[in-house]
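Chains A and B, in that order, are what the protein sequence lines are. With the working numbering applied, the first sequence covers 129 to 356. With the working numbering applied, the second sequence covers 129 to 356. For glycine and all other residues, C-beta sits at the position ideal for the given N, C-alpha and C. Structure record follows, encoded as structure tokens.
Number of protein chains: 2
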Amino acid sequence: MTNKLNLNNLTKSEEDYLKALFQLLVEDNAAKVGNNQLADYLKVSPASTNNMVKKLKAKEYVISEKYGKLDLTEDGRSIAVRLIRKHRLWETFLCNYLNFTWDEVHDVAEQLEHIKSRKLIDELDRFMDFPKNDPHGELIPNANGEYAVLPKIMLSSLSEGDVCKLVAVNDGSVNFLKYVSEIGLALSSEIKVLEVREFDKSIRIEFNDVIETVTRKFADNVFVKKVV
Amino acid sequence: MTNKLNLNNLTKSEEDYLKALFQLLVEDNAAKVGNNQLADYLKVSPASTNNMVKKLKAKEYVISEKYGKLDLTEDGRSIAVRLIRKHRLWETFLCNYLNFTWDEVHDVAEQLEHIKSRKLIDELDRFMDFPKNDPHGELIPNANGEYAVLPKIMLSSLSEGDVCKLVAVNDGSVNFLKYVSEIGLALSSEIKVLEVREFDKSIRIEFNDVIETVTRKFADNVFVKKVV
DNA sequence: TAAAAAAGTTAGTTATGACTAACAAATTAA
DNA sequence: TTAATTTGTTAGTCATAACTAACTTTTTTA
């Protein structure tokens, strides 16, 4: 690891691109990530992405060949993990200490993750007694930048009779998060798959003595660990 | 107050200029503030300031006539007070919960004060049980934007025999703040002026059974309330 | 009050990071 | 295997916000 990392004189935009690329590569486990895919994810034009990728290649955070797929260097990966650590610690703080709900934390954490202060984030971590998971269930990288991906599968991949535990939810949509809490689902809820309807792939589930029918789209955003 | 305030779609730079102008006008109690003075304070060129003042006039946050002095509108003032509220609440949080020292908080608070979330700052205020003063002694504006200036005089303005209480310190210099805590001065310390030396205006003071000689420059940055 | 100094303004340049439009390369489908 | 589509690149534009250099107005002082 070079000492370039400690200077960390990156702009907010540069950080956003590195984090986005990391999430496509690692979180979504994509075999390859292209320029336009990254542009899509960040909701900017392919031209903007192309431009930024050039800059990040020059700074040795990104690797790619002309017309080829994108990848991160060790340094690039390290910066992305730190951003994810900051994001998840702030989300945890907002939920556990400042009365924020699941669906309110994301936008504010997007801002807070760009605050530059090593001491701030490590002290925040200590203050909360080194939490392992963020409010959506995702694992929080530690101060050494050790990153683990939560073992999880989509609720939609289960079959009738399966029993599972809710381990995480996709935090990409405010409406989805609101819906999850409204029907009473929470992290660690035990869910039983009663029926998978072939017609529209909707799923009938039971949890906390409640029976609900959810759509395929909903079940794609709920991550579980199989119990039975 | 217009509803323009609630949109608050100002850039970091625009906010910095408004806050700086407010501090020159109100905190330093300047009779008039000019373009170059504001440039000096923000450590940017007069041309940059001139440019930004034009923009802020167009947005109706600043008032001034060509070649004339600068002033803030009600809206401009309101935005500045909110920034000061945010800055001081974050400083308080960093010192009281995250083990930051006096001299470490300023730079991080400069970043945090630009985070845009009404809920974040009001919940932080509640979490700390609505503190009245920041770690440097300054008053924290409340959620309604009510701003009070701490009644304070410079230690350097006192005479031999005067007794006073430390109410605030100027937070502009890290070295100054380090020095203050090193010699053992803290908020509410009772200070007795033993001698004012005509030659170099240095002052001999006594506090907590310690006797120290401090320079005029030092005493200009220490704010007190007279007791005797 | 005229000259000097200080304060304020304007014009033109630079860097960042968006954008569109046009074009080139790679992939997919007919 | 050619044609169509998707993907990636380049060139040129725009806004923000900094800068220097040159110039104008105002204020100070000799």
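- In this structure residue 343(B) is not in contact with residue 332(B), their Cβ atoms being roughly 11 Å apart against a cut-off of 8 Å.
- Here residue 229(A) is exposed, its C-beta having fewer than 16 other C-beta atoms within 10 Å.
- Note on residue 288(B): under 16 other CB atoms within 10 angstroms of its CB, so exposed under the neighbour-count rule.
- Interface with chain B (8 Å Cβ-Cβ cutoff): residue 227(A) is included.
- By the C-beta density criterion, residue 209(B) is buried, having at least 16 other C-beta atoms within 10 angstroms.
- Taking the CA atoms as reference points, residue 274(A) sits about 18 Å from residue 248(A).
- Between residue 164(A) and residue 278(A), the alpha-carbon positions lie close to 27 Å from each other.
- Residue 355(A) sits in coil when the DSSP states are folded into three classes, being neither helix nor strand.
- With 16 or more neighbouring CB atoms inside 10 Å of its own CB, residue 262(B) falls in the buried class.
- Bridge partners of residue 341(A) according to DSSP: 332(A).
- In the structure shown, the three-state DSSP call for residue 153(A) is helix.
- The residues 282, 283, 284 and 331, in chain order, have a CB closer than 7 Å to that of residue 347(B) in the same chain once the five nearest residues on each side in sequence are set aside.
- The straight-line gap separating the alpha-carbon atoms of residue 258(A) and residue 272(A) is approximately 13 Å.
- Rounded to whole angstroms, the gap between the alpha carbons of residue 207(B) and residue 183(B) is 15 Å.
- Your pair residue 290(A) and residue 338(A) does not check out as a contact, with CB atoms roughly 17 Å apart and the cut at 8 Å.
- Around residue 217(B), no beta-carbon contact reaches into chain A at under 8 Å, the shortest distance being about 12 Å.
- With a threshold of 8 Å between beta carbons, residue 333(A) makes no contact with chain B.
- For residue 255(B), the chain A residues whose C-beta falls within less than 8 Å of its own C-beta are 225 and 226, listed in chain order.
- When CB distances to chain B are screened at a threshold of 9 Å, the residues of the stretch 231-244 of chain A falling below it are 232, 235, 236, 239, 240, 242, 243 and 244, in chain order.
- For the stretch 150-165 of chain B, there are no residues whose beta carbon sits under 9 Å from a beta carbon of chain A.
- Of all alpha-carbon atoms in 157(A), 321(A) and 170(A), the one lying nearest the alpha-carbon of residue 335(A) is that of 321(A).
- Residue 168(A) and residue 174(A) have their C-alpha atoms some 8 Å from each other.
- Two segments are said to touch when three or more pairs of C-beta atoms, one from each, lie closer than 8 Å; by this definition the stretch 233-249 of chain B does not touch the stretch 307-325 of chain B.
- DSSP places residue 198(B) in the strand class (E or B) of the three-state scheme.
- With a contact defined as Cβ atoms closer than 8 Å, residue 235(B) and residue 306(B) miss out at about 14 Å.
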